Structures are given as C-alpha cells and as structure tokens.
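Here the structure is laid out as structure tokens; the discussion comes afterwards.
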Amino acid sequence: MEYQVTTTLAAASRSLKGYDDKLSAECIEIARKSWDYEQTHDPVGGDNSYVPRNIKLHEIIATSELLYTTGEEKYASRLVDLLPDIEKNIRDAAWCVARVTDKINNDDFNNRFREMLKDIKLTSIRRWQRILLVFHGDPQSGHRVGYSAICP
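Shown next as structure tokens:
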C-alpha cells in the first residue's frame, strides 16, 4: 500500500520547493516511482495493516496529489478513468479531486463531478437539518426530536 507514501512525498515535494530543491526533487521522483509501481502490481495488505482497506480511495488521493504537484496529463487521465470510484467515495475524495478539476480537460468528468458535489451538499444540508432538530426542536411545534429518531 504505497499510495499513502506517494501522497505524502508529493505534498512534501511542494513544501520543500524553494527551501531544499534537491530534497524536493527526490521526493517527487520517489512519489512518481511509487505510483507507477502501484499501477502495475496487485495491492498487498495484511491483517496487521494500519491503513483502511479502501485502496481505490487511496489511489484517488495519491493521483490527485501528483496531478496537483506536477500537472502531468497521465494523472489527469487516470482520474478520469477513476470517476466511478470517485463517485463511490465522494464523501472522502471530494476535497482532493476538487483541487485539481482545473487541470482535467474533460467536460464530462467535470460536469459529473460538479453534480456529485451538489448531491453531497444536499445530503449534508439534510443531515444538519436533522441534527438541529435534536438540539433545537421543530421550529413550528417546539418539540424536540430524540437522537434515535433521526439516526436509527
């Protein structure tokens, strides 16, 4: 599971740029190699692994981070291919994909991603409305709703 390493090294490369350019270049080189390796090998995990089992989510985050750092087309292309997985993981993937949509020149991808964000916004609003009922009650009746009623 090298995607977390890839993500960290790509971000470190950006942070180090202008401070330690040699180390920055080394970080991005290893991040690229790590990502390339993961793309061509089956994932390896174990019961003692501390990482969540959602490998596609980690791939989305690592690919987004590399695209954000390098602007290279191969990472944009891979995110387009990962769109169905982005949709399945939208709650956890939206933040990293949103940062790179301007680097993805694919109208279908960007339109579908915007629709996903609208859906997640509506879902979040509804969730907060239900939570507010617990703490403040129904504004029309004044009755409070028990937590178990909104989160069965």
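When we follow our numbering, the leftmost residue of the sequence shown carries the number 10, and every step to the right adds one. Glycine is no exception: its CB is placed at the ideal position from the N, C-alpha and C atoms. Just so you know, these numbers come straight off a predicted model, no measurement behind them.
Residue i classed as buried or exposed, judged by whether at least 16 other C-beta atoms fall within 10 angstroms
i, result
"residue 67", "buried"
"residue 24", "exposed"
"residue 132", "exposed"
"residue 18", "buried"
"residue 32", "exposed"
"residue 106", "buried"
"residue 15", "buried"
"residue 85", "buried"
"residue 34", "exposed"
CB contact flag (residue i, residue j, <9 Å)
i, j, result
"residue 129", "residue 76", "no"
"residue 122", "residue 92", "yes"
"residue 44", "residue 82", "no"
Coil, strand or helix - residue i by DSSP
i, result
"residue 113", "coil"
"residue 26", "coil"
"residue 98", "coil"
Next item on the list: State whether the region 36 to 49 contacts the region 98 to 106, with contact taken as three or more CB pairs (one from each stretch) at a distance under 8 Å.
Entry: Result no; under three Cβ-Cβ pairs closer than 8 Å.
Check: Which residue spans inside the region 59 to 87 form an unbroken beta strand (DSSP E) run of at least 3?
Finding: none
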